[in-house]
Structure formats: structure tokens, C-alpha cells
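Protein chains in written order, with this note's numbering: chain D, 1 to 340; chain G, 341 to 680; chain V, 681 to 1020.
No residue lacks a Cβ here, since even glycine has one placed at the ideal position from N, Cα and C.
Values in this document were obtained by computation on a predicted structure and should not be read as measured data.
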Amino acid sequence: MKLKTLRAIFATLATQISSNGLVVDGDVRIHPVLSFLDSILRGIGQVMLQNNSFAGLIFLIGIFFNSILFGWAVVLGTAASTATALLLGVNRSHVRAGLFGFNGALVAIALLYFLEPNILTWIYVVLAAACTTIILAAVLNLLAIWKVPALTAPFVFTTLFFVMACARFGRLHSTGVLPTAGLPKAATVEGIVTFSTITEGLFNGIAQIFFQSNAISGAIFAIGLLISSRKACCAGLLGSFTGLLVAWAMGAAEPAIRSGAFGFNSALTAIALGSVFFVLDTVSATYALLAVIITAVMFAAISAALEPLGMPALTSPFVLVVWLFVLASPLFPRLRVSIL
Amino acid sequence: MKLKTLRAIFATLATQISSNGLVVDGDVRIHPVLSFLDSILRGIGQVMLQNNSFAGLIFLIGIFFNSILFGWAVVLGTAASTATALLLGVNRSHVRAGLFGFNGALVAIALLYFLEPNILTWIYVVLAAACTTIILAAVLNLLAIWKVPALTAPFVFTTLFFVMACARFGRLHSTGVLPTAGLPKAATVEGIVTFSTITEGLFNGIAQIFFQSNAISGAIFAIGLLISSRKACCAGLLGSFTGLLVAWAMGAAEPAIRSGAFGFNSALTAIALGSVFFVLDTVSATYALLAVIITAVMFAAISAALEPLGMPALTSPFVLVVWLFVLASPLFPRLRVSIL
Amino acid sequence: MKLKTLRAIFATLATQISSNGLVVDGDVRIHPVLSFLDSILRGIGQVMLQNNSFAGLIFLIGIFFNSILFGWAVVLGTAASTATALLLGVNRSHVRAGLFGFNGALVAIALLYFLEPNILTWIYVVLAAACTTIILAAVLNLLAIWKVPALTAPFVFTTLFFVMACARFGRLHSTGVLPTAGLPKAATVEGIVTFSTITEGLFNGIAQIFFQSNAISGAIFAIGLLISSRKACCAGLLGSFTGLLVAWAMGAAEPAIRSGAFGFNSALTAIALGSVFFVLDTVSATYALLAVIITAVMFAAISAALEPLGMPALTSPFVLVVWLFVLASPLFPRLRVSIL
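Written as C-alpha cells, this is what we have:
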């Protein structure tokens, strides 16, 4: 990076800090490198539906706090999927908003979470991140008719396919955290839920959105959300908490509750339906609550359904439930849709 | 319920019995409670595509005849899904026609068929019934473009997800009738098909639409169909019979044939394609026959495909085949679509 | 066949050989039988997206060269699905272009590849071929909104359902080539890739499109492609080669690479995206290359995902990847779509 570039970056940083990003697109003097970096941070922010580079930066700090490997993975993945979008000539305002970054971010962490890192794995990550850009464009085109958002569907599809493929590829090895393939069995109540289960579970539910099993990372993410939107932060925490309560009431295993497994999808559903897609009032809050509860049930169902493949549910419950609740909304005139 | 309410009910009952329901919507003087009860009965009727509260009443009698538990379940489920629709402000004429009831009816029986009843199960039933209303609205919006009906898809999705979730929920226990998860194996011809296999199988095929393994309940359901539509009754019986014949010819196991397992989806396909969606003539009758045969094959396929999850096929073969045959119909100019 | 018919055939053959078919539709004097035969050959050609009866004829020769059973199966299947379309009154120009033939062709070979032939199997083949016509019409209607082609989706669906159903049908027996149901396991690098692996794998990758494990049949198919379109022939061979290279790099088992398993889907993706749907330039060639690589990964993933059902991936990776890449294309203004 040349001196001129660096100077441009600092000049811009000093003068252009705006309410929702380091750099605002209307600005004529933005250096392309800075614009790209800002797009990456917004991409990381979009993982929790925040078009805000400060939120993205804090999320990135939260990830690096827990794991340097995942920190670099998320930077590489976001950069690769964003660059693919730029090379294919996607509408620049979409790229600038980070829309072509968040699926790349997640797929990169996921692949390094489930596969041992080697050179082939890193190439695989770049390929998968590029793939999320194609799938996102396909899903956007597919769902445009119903005005339904793509959410993290490209991440879910790409991760499931790329991890599943390793069962045929002898040079890619899964890590210990990938579930072993097995047939689903009846559950029994395991362990006792204590106060620490609930506090850890609450923040782990936020942390798991980025595959981080670390309640402090979760708390940092919550701060990132707070900077971007108080409503989103409240929704996220309430969502994680509700998911946890549903799991507890139904008799889910204590270690799963503590790990935030039942929280991260519910947190995302709560952010999406409680703070983004609908005008918040009593009807939409009840609607969002129903969705959050069903998300926890859906997580249990999908994670059991994927057991014969030894695959994780990822954020598919969130995607499915938000799709259904947004698709259904035009038939419910009492719900007011946000003009986003 | 106040005396005034009761008086209104009897007054209305006495004067307003119409050809297809206890209460007709245009009527100004209908009491809301009566209107709600009539919507519930129509909802039960809609399980076999009949917007007719008399048919619904007779179906309910057929269920209570076999099991009081299932009788109450169907009332609760239909009421819960219908009430959810009313609370969310759904178009009243759709609610009045029972469209927001039949998926709730089925999901309630299904959950009590596959799960041991306890307080949590009943709460779960209400939650699932409410969920069918959201999914129905979503499917209606999704399929409106192609003018394809939603059928029992919301019931199938909700039941599969809610039963599957029990593999993670220690406080919900499955009953003995839920299949055990296993890997599909090659079949051999089992048992000998006799005259009693065929007669029992024929009526069980109608009974199984409501999860009742009772040929007399099946006969009562057939009477309900007959009251609503002679064409629907013939189609249903012929459909059940054809499904049974296909299974027999292909060498399916005798107990499965006797139980009506190969009949209920074929019966529903026959009612839908033979008496509802197309004008009946030689071309559409042949088309419906092909669909009924393929439904029996699809039932075999889907029930085997769900074996690794230990899940039943429910009415998914019916939904899938009718969707395909209705979606395909605009390309076949020889078929005349009913104006429904 | 009457003498008049035969004379008409020879007369037409002598005078009407055109650049892409034995018979051109505009011609007034074409005998219906000849027109039907030409439609069948075009249907066989359409398996590799070639509306060309010469290509179809050479493909048929390639199949008969390897197996007389499969040769007759492909003729029967194509005839049955084409005849179903004619009986249902489908737009004649679509039928004439072989669009209602190629799925029937493939489903017939597939069923005889996976099931022991007996009388019931042959009836089953005709039923399945008729079923592909309905599913094709449904898929055409479904995807028309996005201008996405149906490809071999009807073949994939029908074959999976009809083979899966045999787990319930005691009179249909699977052959030894159907995979046994099992749980996916981690792969290890097996065998050493030699020069003969690559040459055999390259042509087997073309041969496997028609389920033929015979490199010479593959070479004959390549000649058929060459006659129809040089671009398609190059794309097909490059696609098969790229799929093979990806599998080799990732450490797939040598026997699978040699058999062409990783080639046939990539070959089809290359033909579709490299020679049919986009104007060939640097951007679209790169786009097609990315798709071809992802197709090989997708094949690995889907074939592992279907292991618990003991089902083969067939051409589902090709269908899925081409759907995604065509659906995504409107968002990438640098890609120019072919006017087809």
C-alpha cells in the first residue's frame, strides 16, 4: 500500500466518520482501497443485519479476541466474496452495503471450524466464498418476486455442500467438532440447568452466530449491536434468552443450552423480525415472539434431521422461519412492514 | 356462554341450515360463536377438500367413534389454528371457509398420535396449530403466482419438524407408532392378499386420512363425503382402491396394504384431481388415474426416504403429486381447469 | 408399417436432410411416423442439449455399442415420454425439438441400470417415462418466471422416487450397482492416478452421461457432439477433464476418477454454460469454469448426502449448479445471455 493510499485513509478517517460507517459512499474523494475495507467491515456487520462498519469492526474484534485463526478467516472470506461480486459487476451500492460480504465471512469461519487448516483448505475457503456470491445473486433473483430477503441462505447451502463433499475428498480432513453421522434417537433430560447455564448460554447464543464458543466474545458482539441499534441489541439478547428458555422447558440437554446452541438462531430471528422487517408494535412483537419460539423448535428438528449426514444445522432454522414469517405477512393486515 | 348466545345459536340453527353448512356467511344475524363453530366444522371438512360443515361434523363423529382423545385433539387443533388466523386479521371469508382449520386439525391428531400426551404435549399442539396458520399464509403467498393450492403442506411441514424436534427434547416422548430410525433395505413380498385385505384396506385408506386405523371410521368418513359431494365420495373410494391395487401388484407387504397405508394419499389425490380442480371428462379422468398411481409409488418412495429419520410420509405424496399435476396442467390444453 | 410409410420415409430422408436433423418441421410432406422418429432422435440428442437428430442417432449408436438392453431402453423411454406429451396436447414445436424426450430416455436407462429387468420393470419404465413428461411440464411452468431451463430435473426426481420406492415393493429387485444404504464416513486417498486413469476418466466422463461405463462409447458420444456443435464438443471434454482434475487435487478415490464419476456432471455444466446459455467471452468462460469446478464439489457432496438412502446423485449436481448460475446471471451485467 502506497503512502498516498495510507494518507487518504487517515484523512478520510479523520473527516468522514458518519453515523453508520467509516466511509459513506456518496463521498467523491474515497480511495477504492478504503471503500473496499469499509465494505468488508459492513459485510461483517451484516452477519447480524447491521449495515454499519463500526459494528462490523467490533464483531471482528470479538472474533480475534477468541481466535486469531477465525479472525483472519473472516477477513479473507468477506474479501473473497466481495471481490467476486465486484469482478462480476454487481450493483455497487449493494456491494458497498456489505451485502456480498456476510455469507463469505460465515462460510470461511465455518469451513475452518469444521476442517483442519492446510493449503488446500484455504483454497477451498476462497472457492466457497466466491460460491456464496453466486448463490446470493441467485437467491436474490429467486425471491425478489415475494420481496423476501436472502438472509444467510447462501452461507448455509455452501457450507453444507462444501463440508459434505469432504466425505469423498481424501485430502480434506474434518476437525473433532463436526458431528459424527448417526441415526436420531429419543432424548432424555441431561444435566441440571443452573444460573451459570443461563448467563453463559445467553451470551454464547450471541457468540455462536460467528461460531465462537466464548461468552465474552458474545458480550463484545452485543456491544457492537448496541452501537449500531439499541433495538437490535435488545432483540438479539431477548431472542437468545427465549431460545434458551424454550429448550429448557422442553427438556433439552444442559450442555447444549449452556453452549448457546438453542440461542443463536433465535437471536437472529429476533433481530430480523423484531428490529428490521416490521414496525415494532404489540402485534409485530407477538408475531416475532412466536417466530423466536418456533425457531428453537426448528433448530432441534433440523439438527436431528441432519444427524444421518453428520452435518450441523447452522443458521438454517433462522433462514427458514424468517422466510416463512415474512412470506406469510401480506395475508396478515395487522402487521405493518418496515420500508427498508 | 350467556343465555343470549345460546338462544342465538338455536335460532340460527333452526332457520339457516343451508346446502353446505350450518351457517352461511352472508347472513347478518349470525352470532360470532356460532360462526366460529361453523368455521371449525368446515375446517374439519376441508381435510378432504369439502367446504361443508355437515361433512366436517360427520368426519368428527367418525373420529370420536374410534378415539375420544383424537376427537378432542382435532377440535382443539382446528380451533387454535382458526383463532390464530382471526387474531392476525386474515381475510374473513377464507377463515369462514375452514381454510385455516384443516392443517391445525391434522397437526393436532398427528402430534397426539406420535407423542405421549402430557401437559407439555398439549401446549406443543397449540403452538404447532398456530404454526400451521403462518405456514399456510406463507404457502398461499408463495404459490399464488401459479394458482397452485396449498393443500396439506403446512400440516406435513409442521408435523415433521415438531416430531423431529423431540429427538432433542427430553420432556416429549414418542409413542410406539413412530417408526424407528433405520436404513432402507430391499423389500420382499410379505403375507398373502385376501378378500379381507382388500375390503379393510379400502376403508382404512379413507380412515387413515385422519390417522384412524379403523375401517368403520373410514366408512363413516365416506358417508360424510357422500353428503357433501357424490363425485368426491366416488373419487375417494376409487383412489383408495387404486392405491391398494398398485401396492399389491408391485409386491408391497400385506399388513401395509390392509392398514390403508397405500390408500390415503391416493384417495386424497383422486378427490383433488378427480372432483375439485378439473372438469371431469375422459382426458382429466385418465390424468387423475395416472396421478393416483404415481401417488402410490411416491408414498413408497417417501416413506423409505424418511426411514433414516424415523419419520412418517404423512400426506406429502398427495401434496407433491397434486402440486406437480396442477403445475403441469397449463401446458396440456386438453385439460379443462375447474373455475373454483 | 405400411409400404407407403416406408416410401415416405426414404423419400424424405433423400431430400430433406438438413443441418440439424433428418426432418425439419416446416416441411409439409413429412409423414407423422417419420416426424415422431425424428422427435425421438432429437430427444436423445437433447440429453446433451443438442436439438439435432444426427447427434441423437450417434448417441444411440454409442449406447447400442455398449449394451443392447440400454439401447432399447432409451428408445422405449424416449418414445413413451414423447407420446405422453402428444396425447396431452403439448405445443408441437416443443415435442418436435425433442424437449419431451430426453428425460424419458434417461429415466429408462437409469431404471434398467438399477433394477433387474422383468415384465413389471418394463411397465414401471413406461410409467416413469410418462411421469417425466408431467414433471417437465410442471418444472417449465414453475421456472418460466425466471427464464431458467428445466434441464434433467424431471429425470433426477423421477428416478430417485421410482428407485427409492423399490424399498417397499417386493417384486422389483435392485441390481448390484445400486449403492447400499450407509452412513457417510471420512474419505482417505485411495489408489494412484496414472495416465490411463486420466484418459479413461476423460471419456468415461462423457459416457456416464448415458450411464455407460465404456470409454469407447464416450468417444462415440463426443463425435456426436462434434457433428452438432464444435463448441459443445470442446466444452464437454474440457468439462469432463476439469471435473477429473478437481477430484484428483482434492484426493478422491482413483477408481471413482477413472470411472468418470466426477466428470459427467461437470461435462454437462460446461456444455450448458460454455456453449448454450451465454455468449462465449472471457467473463463467461471464467464463470463457466467456476461452475464446472463447483459441480465437481457438488457431486461429491450430493453423492455423500444420498448415502443413507443408498441413492446415486445422478445429474442433480449439474441441474443445481446450472440453475444457480443462470438464476444469478441477471445480477452480473458483465455476462451476456445467449438469445436462445
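- Near chain G, meaning a CB-to-CB distance below 9 Å, the residues of the region 806-830 of chain V are L807, A808, A810, C811, T813, I814, I815, L816, A817, A818, V819, L820, N821, L822, I825.
- Annotation: the continuous alpha helix (DSSP H) that includes D:E200 extends over 195-207.
- For chain G, the residues of the region 829-844 of chain V that bring a beta carbon within less than 7 Å of one of its beta carbons are F841, F842, M844, in chain order.
- Scanning the region 737-812 of chain V from its first residue to its last, the whole alpha helix (DSSP H) runs of 4-plus residues come out as 748-767, 772-776, 782-794.
- Note that the C-beta distance between D:S81 and D:G104 is below 8 Å.
- Not one beta carbon of chain D lies nearer than 8 Å to the beta carbon of G:G444.
- Taking all protein chains shown into account, V:S1018 has fewer than 16 neighbouring C-beta atoms within 10 Å of its C-beta and is therefore exposed.
- For D:L183, a Cβ of chain G is located within less than 8 Å of the residue's own Cβ.
- According to DSSP, D:F264 shares a beta bridge with no other residue.
- Listed as beta-bridge partners of D:F278 by DSSP are D:V337.
- Within chain V, the C-beta atoms nearer than 8 Å to that of G:V637 come from L807, F841, F842, A845, in chain order.
- Looking only at D:A181, D:F162, D:T180, the smallest Cα-Cα distance to D:L172 is reached by D:F162.
- Between D:L115 and D:S174, the CB-CB gap stays under 8 Å.
- When DSSP reads this structure, G:S514 sits in a beta bridge with G:L455.
- For G:P519, the closest Cβ of chain V is not nearer than 8 Å.
- D:F114 does not reach chain V, its nearest Cβ partner there being about 12 Å away, counting only Cβ pairs nearer than 8 Å.
- Think of a sphere of 8 Å around the beta carbon of G:P652: no beta carbon from chain V falls inside it, the nearest being about 13 Å out.
- The Cβ atoms of V:L924 and V:G954 lie no closer than 8 Å to each other.
- At a cut-off of 8 Å between beta carbons, V:I973 contacts chain D.
- Contact of V:A984 with chain D by beta-carbon distance below 9 Å involves M164, A165, C166, A167, R168, L309.
- About 14 Å separates the CB atoms of V:A932 and V:F921; that is not less than 8 Å, and the two are not in contact.
- When Cβ pairs closer than 8 Å are counted between the two stretches, the region 628-643 of chain G is seen to touch the region 653-660 of chain G, the count reaching three or more.
- Contact annotation: G:A668 and V:A818 have beta-carbon atoms nearer than 8 Å.
- If you ignore the 5 residues before and after V:V959, its C-beta comes within less than 6 Å of the C-beta of R1016, S1018, all in its own chain and listed in chain order.
- Residues of the same chain with a CB within less than 8 Å of the CB of V:T879, apart from the 5 flanking positions on each side, are A895 in chain order.
- For D:F157, the closest C-alpha among the options D:V246, D:A110, D:A291, D:M250 is that of D:A110.
- The residue from G:A469, G:S433, G:L565, G:A493 with its alpha-carbon nearest to that of G:L480 is G:A493.
- Between the alpha carbons of V:L786 and V:A765 lies a gap of roughly 16 Å.
- For D:R42, the uninterrupted alpha helix (DSSP H) segment begins and ends at 32-46.
- Interface criterion not met: the Cβ of G:G441 is under 8 Å from no Cβ in chain D.
- Here the region 561-579 of chain G makes contact with the region 391-408 of chain G; the two share three or more CB pairs at distances below 8 Å.
- In the three-state reduction of the DSSP assignment, G:A596 falls in the helix class.
- G:T520 and G:G650 do touch by the CB rule: their CB atoms are close to 5 Å apart, below 8 Å.
- For G:T472, same chain residues with a beta-carbon under 7 Å away, outside a window of 5 residues either side, are S421, N443, G444, V447, P494, F495, T498 in chain order.
- Non-local beta-carbon contacts of D:A235 in its own chain, meaning distances under 6 Å to residues more than five positions away in sequence, involve A270, I271, G274, S275 in chain order.
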